[in-house]
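For reference, the structure discussed in these notes is given below.
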Amino acid sequence: MSFPLLTATALVPALGAVATAAVPAAQRAAAKWVALGFSLVTLALAAVVLVRFDPGGAHFQLTESHPWIKDFGVRYELGVDGIAVALIALTAVLIPFIILAGWHDADPLEGARPNRRWRPTQGFFALILMVEAMVVISFEATDVFLFYIFFEAMLIPMYFLIGGFGDRAGGRSEEETATQRSYAAVKFLLYNLAGGLIMLAAVVGLYAVTADQLGTGTFSLQEIVQARTGGHLDMATSTERLLFLGFFFAFAVKAPLWPLHTWLPNAMGESTAPVAVLITAVVDKVGTFAMLRFCLQLFPEASKWATPAILILALISIIYGALLAIGQRDIKRLIAYASISHFGFIILGIFAMTTQGQGGATLYMVNHGVSTAALMLVAGFLITRRGSRLIADYGGVQKVAPVLAGTFLIGGLATLSLPGLAPFISEFLVLVGTFSRYPVFGVIATVGIVLAALYVLILYQRTMTGPVKDEVRSMPDLRVRELVVVAPLIALLIFLGVYPKPLADIVNPAVDHTMSVVDKKDPKPDHPVTDAGWFSYSPKSEGASHGGAQHEGAHHNGAHHDGASGGAK
Amino acid sequence: MTHAATVHSLWTTAAAAPDKIPSPHVEYGQLSPTLIVLGAAIVGVLVEAFIPRRQRYVAQLFVSVVALAAAFAAVIGLAAGGYGTSKARVAAMGAIAVDGPALFLQGTILLVALVAVFTFAERRLDPVVHGNRVDSFAAQAAAVPGGDAEKAAVKAGFTTTEVFPLVLFAVGGMLVFPSANDLLTLFVALEVFSLPLYILCALARRQRTLSQEAAVKYFLLGAFSSAFLLFGIALLYGYAGTVSYSGIADVVDGQVRNVTPALAGTMGNDALLLIGGAMVLMGLLFKIGAVPFHMWTPDVYQGAPTPVTGFMAAATKVAAFGALLRLLYVVLPGLRWDWRPVMWGVAIVTMLGGAIVAVTQTDVKRLLAYSSIAHAGFILAGVIATTPDGISSVLFYLAAYSFVTLGAFAVVTLVRDAGGEATHLSKWAGLGRRSPLVAAVFAVFLLAFAGIPLTSGFAGKFAVFKAAADGGAGPLVVIGVISSAIAAFFYIRVIVLMFFSEPRTDGPSVAVPSPLTSSAIAIGVAVTLVLGVAPQYFLDLASQAGVFVR
Chain H
1 MSFPLLTATA LVPALGAVAT AAVPAAQRAA AKWVALGFSL VTLALAAVVL VRFDPGGAHF
61 QLTESHPWIK DFGVRYELGV DGIAVALIAL TAVLIPFIIL AGWHDADPLE GARPNRRWRP
121 TQGFFALILM VEAMVVISFE ATDVFLFYIF FEAMLIPMYF LIGGFGDRAG GRSEEETATQ
181 RSYAAVKFLL YNLAGGLIML AAVVGLYAVT ADQLGTGTFS LQEIVQARTG GHLDMATSTE
241 RLLFLGFFFA FAVKAPLWPL HTWLPNAMGE STAPVAVLIT AVVDKVGTFA MLRFCLQLFP
301 EASKWATPAI LILALISIIY GALLAIGQRD IKRLIAYASI SHFGFIILGI FAMTTQGQGG
361 ATLYMVNHGV STAALMLVAG FLITRRGSRL IADYGGVQKV APVLAGTFLI GGLATLSLPG
421 LAPFISEFLV LVGTFSRYPV FGVIATVGIV LAALYVLILY QRTMTGPVKD EVRSMPDLRV
481 RELVVVAPLI ALLIFLGVYP KPLADIVNPA VDHTMSVVDK KDPKPDHPVT DAGWFSYSPK
541 SEGASHGGAQ HEGAHHNGAH HDGASGGAK
Chain B
1 MTHAATVHSL WTTAAAAPDK IPSPHVEYGQ LSPTLIVLGA AIVGVLVEAF IPRRQRYVAQ
61 LFVSVVALAA AFAAVIGLAA GGYGTSKARV AAMGAIAVDG PALFLQGTIL LVALVAVFTF
121 AERRLDPVVH GNRVDSFAAQ AAAVPGGDAE KAAVKAGFTT TEVFPLVLFA VGGMLVFPSA
181 NDLLTLFVAL EVFSLPLYIL CALARRQRTL SQEAAVKYFL LGAFSSAFLL FGIALLYGYA
241 GTVSYSGIAD VVDGQVRNVT PALAGTMGND ALLLIGGAMV LMGLLFKIGA VPFHMWTPDV
301 YQGAPTPVTG FMAAATKVAA FGALLRLLYV VLPGLRWDWR PVMWGVAIVT MLGGAIVAVT
361 QTDVKRLLAY SSIAHAGFIL AGVIATTPDG ISSVLFYLAA YSFVTLGAFA VVTLVRDAGG
421 EATHLSKWAG LGRRSPLVAA VFAVFLLAFA GIPLTSGFAG KFAVFKAAAD GGAGPLVVIG
481 VISSAIAAFF YIRVIVLMFF SEPRTDGPSV AVPSPLTSSA IAIGVAVTLV LGVAPQYFLD
541 LASQAGVFVR
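In order, the protein sequences belong to chains H and B. Under UniProt numbering, read the first sequence as residues 1 to 569, first letter to last. Under UniProt numbering, read the second sequence as residues 1 to 550, first letter to last.
Right, here's the structure in full:
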């Protein structure tokens with residue numbers, strides 16, 4: 001048996017969590033280094049996964065499969081496609097930065113009574129690693145039940161991270177902060193738990209359907225997809241729709257999609273900046289990822305049936321999130337609403353059912369993760385310095401702390417999808433993909449970009465420019481630790497913005513596969529393009545195999561066609 | 001079905017005047033678990049009578065633990081001997097069934113009782129009184145609360161070591177209850193385990209009047225439900241002319257045509273069957289604590305000494321669900337179309353009622369009581385499936401649930417202030433800061449109750465929901481997940497309270513228990529996690545045990 005690489009990638013952070021939690025109370029600094037060490041080992045493993053993954057190979061690679069709970073038809077089945085590899089890489093990259101950024105977030109308060117048994121610092125970093133382990137395994141699981149278990153279990157460490165380690169810079173009394181924080185944590189948990197339990201009913205239903213039609217119940221994604229294409233499994237239309245809705249509900253809460261989004265601003269506002277990044281850049285990606293992997297592949301017909309409604313909800317998310325972001329007075333809540341707007345784009349891309357749309361949505365997940373991390377972490381540094389989350393409390397920071405202001409600006413520009421930075425490409429692809437099938441939706445969605453420019457620039461203008469406020473005058477610039485966190489993220493944003501091909505190459509075949517399962521073809525363009533589109537995103541000919549290897553050469557001519565892009569932007 | 005008619009029953013001969021009563025043939029080997037426990041209970045009574053007061057505690061503890069372990073070994077022996085599967089049979093002249101479900105449930109009850117005895121024997125939690133270590137039970141049960149006799153008994157260092165034989169008697173009844181194969185044995189078993197429980201409930205050392213009130217309520221309502229059960233049995237006898245399970249089932253199926261002359265007026269009268277069946281069901285649903293027969297649960301759970309509550313909540317439920325399963329699957333399968341709609345209704349109101357009312361509770365023990373009601377509803381969803389999967393899922397759920405319950409109540413005994421156990425939820429605020437380990441353990445139990453994956457609660461819930469969905473009860477599953485979501489709210493609320501609230505300065509402290517309670521809690525946690533992560537072995541066990549003998 002070969003080395004179980006995927007298991008190891010998920011197991012290392014889990015072991016790291018245990019090791020971190022076991023560090024004695026007095027050695028707080030050691031706990032941080034232990035956590036950082038384990039997250040770096042995970043990063044190395046994720047890099048190995050990335051290298052070993054062959055974009056032209058089988059759909060699911062590095063697979064592992066062991067029986068687990070025979071009675072439930074549950075197998076311990078792991079496997080990654082290009083989308084999963086990209087997201088695992090994102091997770092593994094972000095966690096060390098999150099740990100570094102949160103280096104002092106869980107230190108005991110000044111003058112706190114030392115307590116031998118209460119070890120918040122160890123707990124904080126252990127919980128972060130625990131979340132990483134669960135997120136990684138849910139990206140890897142190809143068994144619906146296995147996925148569900150970690151999708152649900154993930155809530156518990158997240159809940160403690162939000163509720164237990166709040167933002168100390170609220171500018172409010174300790175008691176008020178604690179109340180708000182516990183409210184946010186409970187709201188987070190109840191929304192997601194309700195979504196998860198609805199999904200549980202659908203999971204049970206899926207078992208009943210497979211048990212009924214295949215003889216033995218199964219949760220294996222591959223088996224179900226095969227049985228479906230082979231004609232052995234034929235769900236009744238209403239059953240399929242109900243099951244789809246059960247799954248989609250859970251993922252839409254997690255993603256989050258309007259009108260199920262209201263937990264996100266609370267959770268991100270009350271938690272510390274690194275935890276907020278963990279929520280929006282890492283954990284929420286599981287929701288959109290699962291739409292792509294499970295909703296579309298398990299229930300293709302129902303997905304098509306629900307597409308118009310979901311697209312409308314996604315559009316509302318885009319516009320509504322952006323509008324509310326403009327109106328926020330609190331920096332972190334502003335970023336939260338911006339994220340809601342961006343998740344709208346991701347979901348729009350997924351359900352546009354075009355290769356550009358879905359490929360763009362996958363890239364969007366990665367890019368949004370990196371850009372939000374950059375913006376939010378710098379915002380966190382800013383907030384820690386001033387002790388306030390209110391935009392009105394800042395002004396003229398760029399004169400006092402130019403590096404901080406500069407990095408904040410780059411994070412912000414990435415958020416508004418400036419060309420040259422990574423999110424631009426994904427947003428552009430999502431819009432093109434949507435436009436080719438649903439022109440009206442594509443046009444409306446572009447409003448989101450305009451609004452994004454508005455909220456980012458207003459935020460920058462109000463906090464960084466203008467006369468220097470007195471409270472800000474003595475603000476120190478970024479420290480070395482903080483620079484170590486921010487600089488690589490910005491470098492990554494620029495690299496992926498200029499040269500996205502490696503990432504796109506990994507993602508493309510998986511997207512083609514999903515499209516073929518859903519049995520959707522890209523619509524014929526009204527104005528045929530003679531050459532391949534932007535870096536190899538071209539409408540694929542019918543009958544493309546999952547591998548896509550033979551297409552790679554044909555499309556990689558590196559020609560940057562700007563005609564369409566100029567029009568859409 | 002076919003061979004069942006040949007089974008003799010002591011009581012069916014009563015109608016036709018017997019010329020001679022045959023000497024009963026009893027398979028002692030197959031009844032050994034019950035006999036060991038009841039025998040040890042009698043030894044325990046003798047210990048009370050003849051051994052000096054100072055040495056009784058150790059002697060009683062020794063007798064109880066050895067007896068329960070030996071009985072468990074006997075169950076394992078029987079199961080290994082194939083009595084759970086191929087050699088399943090009806091023993092003791094048709095009074096007792098020895099089959100898979102019976103052995104599985106007996107094993108569960110014995111393990112639960114063994115762990116519960118550890119919590120009964122705990123003597124480190126209460127402060128030392130007059131130089132004597134004391135447990136959770138009254139110094140002298142007969143002394144009037146607050147009276148001179150009580151003070152004298154406390155001063156003399158009396159302890160109620162009678163609790164050990166009482167528990168053994170209760171366990172003996174519980175072992176028979178799910179394996180009873182005729183209605184009279186069922187009734188006798190019910191009384192044998194109920195009476196000791198009534199007494200145990202009244203024995204709390206602190207808040208004795210509350211405890212006695214709980215016992216009286218439990219006794220009165222219990223007696224009421226026993227009366228229902230007994231009347232139902234009489235009506236069923238009138239209908240079928242027999243009290244043996246297979247005999248009644250045959251009459252229900254219309255396989256028996258010869259009418260007993262003495263019962264010619266009533267035999268085969270469906271009104272008797274329906275009313276009688278409904279009354280017997282009521283008696284069992286009372287013990288399960290299903291809505292609308294749940295009224296006693298919160299008061300009794302709150303008033304009884306916490307170790308007793310834990311034992312009762314876990315073991316009674318196992319025994320009663322076993323009896324209910326056997327009644328519905330062996331006696332009344334022919335009546336499926338009549339009882340299924342009713343049980344649907346009961347399951348729905350039990351799940352929703354328990355979960356909704358629990359939201360407003362402010363006392364940990366009452367909260368757990370209502371949660372146990374909601375869980376009874378989930379288990380009923382599996383009962384309704386009427387498939388072999390249904391049986392095994394219920395067996396698995398019971399095993400999983402009972403250890404979580406035991407563990408949770410054992411943790412409740414640890415959190416104390418000057419007035420004894422601090423069960424009011426407001427006092428639990430900030431417990432996670434003071435004693436992270438205890439709070440974390442309790443959080444694990446709460447998460448298992450809530451059915452979070454990787455705990456036994458999730459595996460059990462999934463098993464019963466799967467069985468229900470397979471058995472055509474899809475809507476029940478939906479209502480089940482909705483009430484799970486409601487229930488999750490109050491479990492989470494307790495976790496919030498423990499971890500995210502500031503500790504109160506006058507808050508309770510966590511007593512350091514002896515190895516007895518520690519091991520009870522540790523076993524609870526271990527079972528919760530093992531059944532959550534690797535449930536396959538136990539699911540196999542449950543599904544092998546999933547066939548009733550007739």
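All residues carry an ideal CB built from backbone N, CA and C; glycine is no exception. Here the structure is a predicted model, which means the values were calculated and not measured.
Cβ pair residue i, residue j closer than 8 Å
i, j, result
"residue 360 of chain H", "residue 508 of chain H", "no"
"residue 163 of chain H", "residue 182 of chain H", "yes"
"residue 128 of chain H", "residue 161 of chain H", "yes"
"residue 97 of chain H", "residue 506 of chain H", "no"
"residue 443 of chain H", "residue 357 of chain H", "no"
"residue 354 of chain H", "residue 417 of chain H", "no"
"residue 444 of chain B", "residue 112 of chain B", "no"
"residue 413 of chain B", "residue 307 of chain B", "yes"
"residue 263 of chain H", "residue 320 of chain H", "no"
"residue 315 of chain B", "residue 109 of chain B", "yes"
"residue 119 of chain B", "residue 520 of chain B", "yes"
"residue 483 of chain B", "residue 355 of chain B", "yes"
"residue 236 of chain B", "residue 188 of chain B", "no"
"residue 313 of chain H", "residue 434 of chain H", "no"
"residue 289 of chain H", "residue 365 of chain H", "yes"
"residue 301 of chain B", "residue 320 of chain B", "no"
Nonlocal neighbours in the same chain, by C-beta distance under 6 Å from residue i, ignoring five residues either side
i, result
"residue 316 of chain H", "258"
"residue 84 of chain B", "100, 103, 545"
"residue 283 of chain B", "225, 228, 229"
"residue 157 of chain H", "127, 130, 131"
"residue 584 of chain B", "Chain B is shown from 1 up to 550; residue 584 of chain B falls before or after that span and cannot be answered."
"residue 551 of chain H", "Because the pLDDT of residue 551 of chain H is 43, which lies under 50, any placement of that residue in the model is unreliable, and the number read from its coordinates should be weighed accordingly. Contacts found: none."
"residue 420 of chain H", "497"
Buried versus exposed call for residue i [16 or more other C-beta atoms within 10 Å across all chains shown]
i, result
"residue 346 of chain B", "buried"
"residue 238 of chain H", "exposed"
"residue 44 of chain B", "buried"
"residue 154 of chain H", "buried"
"residue 24 of chain B", "exposed"
Sequence-distant residues of the same chain with beta carbon closer than 7 Å to residue i, five excluded per side
i, result
"residue 265 of chain H", "333, 336, 337"
"residue 490 of chain H", "374, 407, 410"
"residue 513 of chain B", "122, 124, 125, 414"
Beta-carbon proximity list for residue i, same chain, < 8 Å, skipping 5 on both sides
i, result
"residue 80 of chain H", "6, 49, 53, 60, 61, 62, 88, 139, 140"
"residue 32 of chain H", "99, 103, 121, 125"
"residue 38 of chain B", "168, 169, 172"
"residue 530 of chain H", "Its pLDDT being 48, under 50, residue 530 of chain H is placed unreliably in this model, and the value from its coordinates should be taken loosely. Correct list: empty, nothing qualifies."
Cutoff 8 Å: residue i Cβ touching any chain A Cβ
i, result
"residue 26 of chain H", "The displayed structure is made up of protein chains H and B, and chain A is not among them."
### Message
Which complete alpha helix (DSSP H) runs does the stretch 226 to 289 of chain B hold, if anything under 4 residues is left out?
### Response
245 to 253, 270 to 288
### Task
Select from the stretch 127 to 142 of chain H all residues with a C-beta closer than 8 Å to any C-beta belonging to chain B, and list them in chain order.
none
### Query
Can you give, in chain order, each stretch of the alpha helix (DSSP H) that sits fully within the stretch 143 to 229 of chain B and has at least 4 residues?
148 to 155, 163 to 176, 183 to 201
### Query
Name the residues in the stretch 388 to 407 of chain B whose C-beta lies less than 7 Å from a C-beta of chain H; which are they?
none
### Task
Starting from the N-terminal side, write out each stretch of the beta strand (DSSP E) that is 3 residues or longer and does not extend beyond the stretch 38 to 94 of chain B.
89 to 91
### Query
At which residue ranges does the stretch 447 to 517 of chain H contain complete alpha helix (DSSP H) runs of 4 or more residues, listed in the order of the chain?
480 to 498
#### Entry: Residues within the stretch 141 to 160 of chain H neighbouring chain B, beta-carbon criterion of under 9 Å
145, 148, 149, 150, 151, 152, 153, 155, 156, 159, 160
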